[in-house]
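To start, the structure under review is shown below, and the notes come after it.
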Amino acid sequence: MGYGNIMRLETTGASWETAQQDSLAYSGERASHTMAKTDAGRMEKYRSKINSVGAKYGIDPALIAAIISRESRAGNALHDGWGDYDSKRGAYNGWGLMQVDVNPNGGGHTAQGAWDSEEHLRQGTEILVHFINRIRNKFPGWSTEQQLKGGIAAYNMGDGNVHSYENVDENTTGKDYSNDVVARAQWYKNNEGF
């Protein structure tokens with residue numbers, strides 16, 4: 013894959029805060045793997061779409077599956093396709109399996125396709141590729157894998173919030189977004205054949 017090898021990335025996995033979504037008594041890679049496994053059955057129905065989109069954009073399907081797991085628990089955390097309700101705005105911030113940011117003060121994207129459609133997965137993956145490329149330009153001295161991890165963090169909170177590789181997740185949700193997603197992706201690659 014032209015964007016780096018997800019299996020070469022070091023990861024600390026999920027934070028305690030993220031692990032509490034499943035009331036786990038542990039954090040780290042083990043927690044990320046447990047949550048990915050919990051979502052694996054639901055993920056299966058999206059496999060062909062994930063593989064198709066991954067091939068089209070040169071993104072490892074395991075990474076797309078991991079983002080879907082983290083963002084929407086493979087659709088289980090959504091309400092009619094919507095997630096991340098913002099009580100101040102009185103509206104949802106995210107659309108679909110990959111939780112495309114539709115908040116005008118956030119990503120400002122217009123949702124494309126049904127929440128579980130290949131069109132939606134293409135949109136989410138295009139956004140991911142955009143952020144990987146932004147991180148490549150911002151940090152040309154980083155390795156391809158570091159740029160990939162930075163792009164994953166930027167998918168969550170924008171490239172303007174990525175300041176160093178050592179603290180790549182300092183501004184992400186749960187302060188673990190890219191580390192958790194990488195650990196989930198590695199699990200999907202090793203255990204589910206993505």
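Those letters in the sequence shown? Residues 13 to 206, per my numbering, in order.
Even for Gly, the Cβ is constructed at its ideal location relative to N, Cα and C.
With burial defined as no fewer than 16 other Cβ atoms inside 10 Å of the residue's Cβ, what is the status of G87: buried or exposed? Position 75 of the sequence shown, counted from the start, is the residue given in the question as residue 87. Buried: at least 16 other Cβ atoms inside 10 Å.
Please report the distance separating the alpha-carbon of G14 from that of L90. Locating residue 14 in the sequence shown gives position 2, where the first residue counts as 1. Locating residue 90 in the sequence shown gives position 78, where the first residue counts as 1. Each residue's alpha carbon lies about 31 angstroms from the other.
Under the assumption that H109 contacts I80 (Cβ atoms under 8 angstroms), give the Cβ distance between them as a whole number of angstroms. Here residue 109 refers to the residue found at position 97 of the sequence shown. Here residue 80 refers to the residue found at position 68 of the sequence shown. Going by the sequence as given, residue 109 is Leu instead of His. That pair is a contact at about 5 angstroms.
Identify the residues that DSSP records as bridge partners of G94: which are they? Mapped onto the sequence shown, residue 94 falls at position 82. It is Trp, not Gly, that sits at residue 94 in the sequence shown. Paired residue(s): H91 and W107.
Does L75 get closer than 9 angstroms to chain C when you measure Cβ to Cβ? Reference to chain C is not applicable here, since this structure consists of a single protein chain.
Tell me the DSSP secondary structure of A77 in three-state form. Taking the sequence shown and counting its residues from 1, the one referred to as residue 77 is at position 65. Helix at A77.
Using only CA atoms, which one of E131, Y58 and I164 lies nearest to F143? Residue numbering aside, residue 143 sits at position 131 when the sequence shown is read from its first letter. Comparing Cα-Cα distances from F143 to each of E131, Y58 and I164, the minimum goes to I164.
Classification of Y200 by the beta-carbon crowding that lies within 10 angstroms, buried from 16 upward: Residue 200 sits at position 188 when you count from the first residue of the sequence shown. When all chains shown are included, Y200 counts as buried.
Please return the same chain residues whose Cβ sits closer than 6 angstroms to the Cβ of N115, not counting the five positions on each side in sequence. For this step, residue 115 is matched to residue 103 along the sequence shown. N105.
Below 8 angstroms on the Cβ atoms is my contact criterion, and I expect T23 with A195 to pass it. Report the Cβ-Cβ distance as a whole number of Å. Locating residue 23 in the sequence shown gives position 11, counting from the first residue. Locating residue 195 in the sequence shown gives position 183, counting from the first residue. At roughly 5 angstroms, the Cβ-Cβ gap stays under 8 angstroms, so T23 and A195 are in contact.
What residues in its chain sit with their C-beta under 7 angstroms from that of V65, if we drop five residues either side in the sequence? Here residue 65 is taken as the residue at index 53 of the sequence shown, counted from 1. If we look at V65 and ignore the five residues flanking it on each side, its Cβ neighbours are I76, E130, L133, R134 and T137.
With DSSP run on the structure shown, which of helix, strand or coil describes V112? Position 100 of the sequence shown, counted from the start, is the residue given in the question as residue 112. V112: strand per DSSP, three-state reduction.
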